[in-house]
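Asker: Per our numbering, the very first residue in the sequence shown carries number 695; after that it's consecutive.
Submitted below is the structure of interest, expressed as structure tokens.
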Amino acid sequence: MAQTLQDCYPNAMVARFGGDDFGLLLDGLEPATDCTALARRLEAALNRELTIDGRSIVVSASIGIAIGPQDADCSDALLKSSDLALDRAKNNGKGGYNFFEPELDAEASRRRHLEIDMRRAIRDGDFELYFQPLFSMSENRIKGFEALMRWPHEEHGMISPATFIPIAEESGLIMQLGEWALREACRQAAQWPEDISVAVNISPRQLMTDGLVACIAQALAQSRLPAGRLELEITESVFIGNVDKTLNILHSLQALGVRVALDDFGTGYSSLSYLRSFPFNKIKIDQSFVRALEDGGSAQAIVRAITTLADALGMETLAEGVETQALMEILRSEGCNMIQGYLIGRPMPGNHVQRMLSSVQTTVALG
Ligand code: C2E
Ligand code: MG
Ligand code: MG
695 MAQTLQDCYP NAMVARFGGD DFGLLLDGLE PATDCTALAR RLEAALNREL TIDGRSIVVS
755 ASIGIAIGPQ DADCSDALLK SSDLALDRAK NNGKGGYNFF EPELDAEASR RRHLEIDMRR
815 AIRDGDFELY FQPLFSMSEN RIKGFEALMR WPHEEHGMIS PATFIPIAEE SGLIMQLGEW
875 ALREACRQAA QWPEDISVAV NISPRQLMTD GLVACIAQAL AQSRLPAGRL ELEITESVFI
935 GNVDKTLNIL HSLQALGVRV ALDDFGTGYS SLSYLRSFPF NKIKIDQSFV RALEDGGSAQ
995 AIVRAITTLA DALGMETLAE GVETQALMEI LRSEGCNMIQ GYLIGRPMPG NHVQRMLSSV
1055 QTTVALG
């Protein structure tokens, strides 16, 4: 790859920073140089098929570009800016290029600050767990609650997990946070009636760590919560990496006696083949499908296909984000077993769960 870069730009300085990280310094560019054309040329040179020892290998490279002096006025800053641009290029998918923009710097600094705050909040025990009811339409009762993290931040108010979980994943803090959520959810659920279970979200990075199975076994033992009352929610993205390893971990989790649910089904990489590769106990159909049901069209047929297949495979189905009675009726008629959403209840603090169970179990009697 270094040779390719050098061939492309014989006068440039080529460097290998380590691993698969390369640098290219072009100096003395005219202010009027078309940098986009340079980037396209690099892109074309780097994303291609190579033959090594008779084997053909498809290589791709993401490219981050910073230009001095406007993006940075010294070499360290120039490297940092190109790194930020590279991160963005990688996030946009493989094999593209991205120019540095000042917003990238602001975004990186915002994340850095949140990460620092997060460490402190973990230390101080500032995080909370909220619980949202999971309602069975056939049994006409709440069967469990999903534990959802909340971060009350003194400056920014309540920060959504959609914002802080990705930062926690990137920084590795998800290990501590996730473990806390698991223990706390088990501890609280152990005090609920015996027929009420708890669901805990497990992030992809968390799933791939070695200690997870032991950590779950320990959380169950310490809380005395029967394994059958704990459900773990994982997303399809865990199948992008090492599929065999993922399947091994999922099987060892199920061997503990806990249930495994596939969360947000229908987003991103959705593939019905995941359903065949592992005996999930539950499939959670993503909100976006539920939203689409309101507009009619093919969504209803897709939901029916999912519930039919899940049924045949012995898996339960739950629809997320159900806000109206009308949607609940459609879902019921399409063979969905359970729903979750504002119609039944919003995520609530732990001390409201018991109250909801005693009062609502009789009055929610929907339908
Ligand atoms: P999720 O697991 O798919 O959780 C469902 C999200 O949908 C929750 O957002 C919930 O508040 C929201 N929701 C539920 N019903 C409705 C509805 O009727 N309408 C609308 N508009 N939204 C509804 P939340 O709490 O912001 O969580 C976002 C995501 O953050 C979760 O998505 C989950 O992936 C992640 N997350 C939350 N807690 C944890 C945790 O403890 N560990 C990990 N790894 N991830 C977590
Ligand atoms: Mg979930
Ligand atoms: Mg979900």
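C-beta: ideal position from N, C-alpha, C; glycine also.
Keep in mind that this is a model prediction, so the values were computed, not measured.
1) Excluding the 5 residues preceding and the 5 following Q700 in the sequence, name in chain order all residues of the same chain whose CB lies nearer than 8 Å to its CB.
2) CB F821 to CB M852, shorter than 9 Å?
3) For I943, collect the residues of the same chain with a Cβ closer than 8 Å to its Cβ; drop the 5 residues on either side in sequence, then sort them by chain order.
4) Evaluate contact between the stretch 786 to 793 and the stretch 751 to 767, counting only Cβ atoms and requiring at least three cross-stretch pairs below 8 Å.
5) Can you tell me the Cα-Cα spacing of F959 and D989, whole angstroms?
6) Identify which residue in E801, A862, P887, A993 has its Cα closest to the Cα of R835.
7) Do you know how far the Cα of S803 is from the Cα of D767?
8) What residue range is occupied by the uninterrupted alpha helix (DSSP H) comprising E822?
9) Which complete alpha helix (DSSP H) runs does the stretch 722 to 785 hold, if anything under 4 residues is left out?
10) Going by Cα to Cα distance, which pick from L808, L1051, R970, C909 is closest to G1008?
11) For I977, I'd like the list of residues in its chain whose CB is within less than 8 Å of its CB, leaving aside the five on either flank, ordered along the chain.
12) From R817 to P860, what distance separates their C-alpha atoms?
13) Assuming N741 contacts S750 (C-beta within less than 8 Å), just tell me the rounded distance between them.
14) Mind checking who P1043 pairs with in its DSSP beta bridge?
15) Would the beta-carbon of P827 fall within 9 Å of that of M1050?
16) Suppose the cutoff is 7 Å on Cβ atoms and the five residues either side in sequence are ignored; what does the same chain contact list for A921 look like?
17) Can you list, in chain order, the residues of its chain whose CB lies under 6 Å from that of F737, leaving out five sequence neighbours each side?
18) Beta-carbon distances below 6 Å to any heavy atom of ligand 3 define the shell here; list its residues in chain order, please.
19) By DSSP, does G922 sit in helix, in strand, or in coil?
20) Looking at the strands, I want to know which residues DSSP matches up with L718.
21) Give the single residue among I810, M695, P973, A879 whose Cα lies nearest to the Cα of I746.
22) Determine the DSSP secondary structure at G1061, reduced to helix, strand or coil.
23) Please confirm whether F983 and V997 have their CB atoms less than 9 Å apart.
24) By Cβ distance below 7 Å, which residues in the same chain neighbour D980 in space, the five residues on each side in sequence not counted?
25) For R710, which residues of its own chain have a beta-carbon under 7 Å away from its beta-carbon, when the five flanking residues on both sides are left out?
26) What are the partner residues of I816, as DSSP defines its beta bridges?
27) Compare the beta carbon distance of I1033 and M869 with 9 Å and say whether it is the shorter of the two.
Answerer: On the basis of the data shown:
1) A706, V708.
2) no
3) L901, M902, L906, V907
4) yes
5) 19 Å
6) The shortest C-alpha separation from R835 is found at P887.
7) Approximately 19 Å, taken between the alpha carbons.
8) Run containing E822: none in the alpha helix (DSSP H); it sits in the beta strand (DSSP E), 822 to 830.
9) Taking only runs of at least 4 residues, the alpha helix (DSSP H) segments lying wholly in the stretch 722 to 785 are 729 to 740, 769 to 785.
10) R970
11) A955, L956, F959, L969, I1000, A1004, M1009, E1010, T1011, L1012
12) Straight-line measurement puts the Cα of P860 at about 19 Å from the Cα of R817.
13) Not really, about 14 Å apart at Cβ, beyond 8 Å.
14) Paired residues: Y824.
15) Cβ atoms of P827 and M1050: closer than 9 Å.
16) Excluding the 5 residues flanking it on each side, A921 has same chain C-beta neighbours closer than 7 Å at L914, L950, G951, V952, in chain order.
17) A quick correction: the sequence has Glu, not Phe, at residue 737. Cβ neighbours of E737 beyond the five flanking positions: Y791.
18) D957, D958, K978, E1014
19) helix
20) V708.
21) M695
22) For G1061, the pLDDT reaches just 46, beneath the cut-off of 50, and the residue's location in the model is therefore unreliable, leaving the point undetermined.
23) yes
24) D958, F959, G960, T961, E1014
25) A distance below 7 Å between beta-carbons, with the five flanking residues on each side excluded, links R710 to the following residues of its chain, in chain order: A696, F716.
26) According to DSSP, which records beta bridges pairwise, I816 is partnered with nothing at all.
27) No, these two residues do not count as a Cβ contact at 9 Å.
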